[in-house]
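Protein chains in written order, with the working numbering: chain D, 1 to 172; chain A, 1 to 172.
There are 2 protein chains.
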Amino acid sequence: MDTETDRRPTRLDDQIQAERDMLARLGDLPLDLDALVLVSNLHRAVAAIRREFEQTVLAEVRLSWTAFTALWVLWIWGETETRELAHEANVTKGTLSGVVDTLEKRGLVARRRRTSDRRLVTVRLTDEGEALISEVFPRFNREEQRVAELLTAEQRTAMVDGLRRILRTLPS
Amino acid sequence: MDTETDRRPTRLDDQIQAERDMLARLGDLPLDLDALVLVSNLHRAVAAIRREFEQTVLAEVRLSWTAFTALWVLWIWGETETRELAHEANVTKGTLSGVVDTLEKRGLVARRRRTSDRRLVTVRLTDEGEALISEVFPRFNREEQRVAELLTAEQRTAMVDGLRRILRTLPS
DNA sequence: CCCGTGTCGTTCGGCCCCGAACGTTAGGCT
DNA sequence: AGCCTAACGTTCGGGGCCGAACGACACGGG
Chain D
1 MDTETDRRPT RLDDQIQAER DMLARLGDLP LDLDALVLVS NLHRAVAAIR
51 REFEQTVLAE VRLSWTAFTA LWVLWIWGET ETRELAHEAN VTKGTLSGVV
101 DTLEKRGLVA RRRRTSDRRL VTVRLTDEGE ALISEVFPRF NREEQRVAEL
151 LTAEQRTAMV DGLRRILRTL PS
Chain A
1 MDTETDRRPT RLDDQIQAER DMLARLGDLP LDLDALVLVS NLHRAVAAIR
51 REFEQTVLAE VRLSWTAFTA LWVLWIWGET ETRELAHEAN VTKGTLSGVV
101 DTLEKRGLVA RRRRTSDRRL VTVRLTDEGE ALISEVFPRF NREEQRVAEL
151 LTAEQRTAMV DGLRRILRTL PS
């Protein structure tokens, strides 16, 4: 690593200069700034939401977002094949395998090899897992509600509809 | 792992039964289903977008989303202190340290210890890094545009405004 | 001058995440 | 029966990600 003999612009100079630089650099490119803002805000907001949840409701019960989602799916769907559970939890089956491992170690879920087709493995909640998710989910939903409340009804419907369009198009 | 002597409901039975179960289980809880759908769709859409980008534009140049973001910030802002870069890239400084390590190994960025305050480290693009980001970014933005095009103008503004509200409230 | 106190970036352990490779099993075709 | 092919879940290597702990450093008050 180099060292630098100092003459750093102050934060204020920097802001102004940075904007000038940005405009100078971006000005001659055919850019869609709205699209940039949209995608980057989407990303930031989701990261913020996820962090918030993982640090409050989920931290108390030591569950990652994905682990929680898996439990939720099992709660609603009942015993589920690994592949479907992975799809529903929005991760690859390789990832899900690891998540189920940790959930199994904690005694929250159990695996079961099917006899009719021995390639298949299903996952189901244990009693303990069921107790946990039914206790945690209402609190989780209350957090979701707090997020949704920040938006107007129009914004909410516009967003949900827009997100659906994206999901329909992109490979999910 | 247990084994199971089979009598699995078919997929169709399952769908119907699962919905019945879901309604039965959720019916007596004070739930905000709209909030649930909103948050879960947000999450799924962002994951889909991120995967899409990481598998097309970013895969070609072997950059993760975060690595790309860091390069972009450095491109726009110029030489930046580690802490600010982490905040801007939306990760903790611990994470950023690792990302900068890999970028540095590839010769795309360089670290510099400041002499005025020897606790500080700044990161800047190398010529190679600058060449890479200025080549990749337009393609990245074109992908962003493709996503944004899926929405109506109204949806776009509603979404951006809604996301800003979320970001303003949640600890980012 | 020196000694707290606070901030910097880095390191560490643990988990999540992915894609590729792998062994196992099912099922059709000859 | 004996292949071939395809689908299943797991494993593995590489990296992202976080929070906590850490050493280096700055700076003000005794």
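Beta carbons: idealized from backbone N, C-alpha and C, even for Gly.
If you're wondering where the values come from, they're calculated on a predicted model, not measured in any experiment.
The beta-carbon separation of residue 113 (chain A) and residue 159 (chain D), rounded to 45 Å, does not stay under the 8 Å limit for a contact. For the pair residue 65 (chain D) and residue 90 (chain D), the Cα-to-Cα distance works out to about 11 Å. For residue 166 (chain A), the chain D residues whose C-beta falls within less than 8 Å of its own C-beta are 45, 48, 49, 147, 150 and 151, listed in chain order. Distance from the CA of residue 168 (chain A) to the CA of residue 49 (chain D), rounded to the nearest whole angstrom, comes to 12 Å. Chain order gives no chain D residues near residue 61 (chain A), where near means a beta carbon separation below 7 Å; the closest approach is about 18 Å. In terms of Cα proximity to residue 73 (chain A), the closest of D:80, D:26, D:75 and D:161 is D:26. Exclusion of the five residues before and after residue 79 (chain A) leaves 122 and 124 as the residues of its chain whose Cβ lies within less than 6 Å of its Cβ.
Put simply, the region 127-134 of chain D touches the region 102-116 of chain D. At least three CB pairs are less than 8 Å apart. For residue 102 (chain D), the uninterrupted alpha helix (DSSP H) run begins and ends at 93-105, by DSSP. Interface annotation, residue 34 (chain D): in contact with chain A, CB-CB separation under 8 Å. Measuring C-alpha to C-alpha distances from residue 35 (chain A) to each of D:145, D:154, D:166 and D:153 identifies D:145 as the nearest.
Taking the Cα of residue 82 (chain D) as reference, the smallest distance to any Cα among D:134, D:68, D:97 and D:75 is reached at D:97.
Between residue 115 (chain D) and residue 3 (chain A) the beta-carbon gap is near 6 Å, inside 8 Å, which marks them as a contact. Secondary structure of residue 37 (chain D) (DSSP, three-state): helix.
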